[in-house]
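Read the structure below first, then the notes.
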Amino acid sequence: MSEFYRSTICKSRTIRRCESCNKIIEAGTQHEYVATKYDGDFGTFRRHLDCLEYERHLNDINGMRGEEYSWLHEHVSEGGKSVLHDAPAAVKLRFGVEP
Ligand SMILES: [Zn+2]
Numbered sequence: 273m274s275e276f277y278r279s280t281i282c283k284s285r286t287i288r289r290c291e292s293c294n295k296i297i298e299a300g301t302q303h304e305y306v307a308t309k310y311d312g313d314f315g316t317f318r319r320h321l322d323c324l325e326y327e328r329h330l331n332d333i334n335g336m337r338g339e340e341y342s343w344l345h346e347h348v349s350e351g352g353k354s355v356l357h358d359a360p361a362a363v364k365l366r367f368g369v370e371p
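Under this note's numbering, the first residue of the sequence shown carries the number 273, and numbering increases by one thereafter.
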């Protein structure tokens with residue numbers, strides 16, 4: 273159960289990894305930073321803003337909320353790259369799909 277969830281938009285001075293696509297977030301790129309406590313464990317993760325937006329879209333249209341919420345890379349590994357057909361060009365490119 274989630275006991276704590278704080279989302280902020282920030283820039284990093286160093287390279288980070290996006291939890292949604294598992295690719296690099298370049299230094300200086302605006303992205304989401306999340307600090308959370310879930311089942312007693314404190315954790316953090318980061319996401320590209322366009323990955324986050326498209327990930328939420330896929331979860332919304334599939335009625336996946338709470339415990340069912342899935343990362344963008346999980347949608348792609350389960351549904352194939354065709355789930356990216358409405359995704360922004362930058363998101364497609366991170367998964368090796370030509371926009
Ligand atoms: Zn990403």
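All residues carry an ideal CB built from backbone N, CA and C; glycine is no exception.
Contact annotation: I281 and R289 have beta-carbon atoms that are not nearer than 8 Å. Residue nearest to E304 within the set F314, G368, R318 is R318 (criterion: CA-CA distance).
Look at H320 here: in three-state DSSP terms it is strand. Setting aside the 5 residues that flank it on each side, I333 has no residue in the same chain whose C-beta is closer than 6 Å to its C-beta. For V348 against D322, the beta-carbon gap comes to about 14 Å, at or over 8 Å, which does not count as contact.
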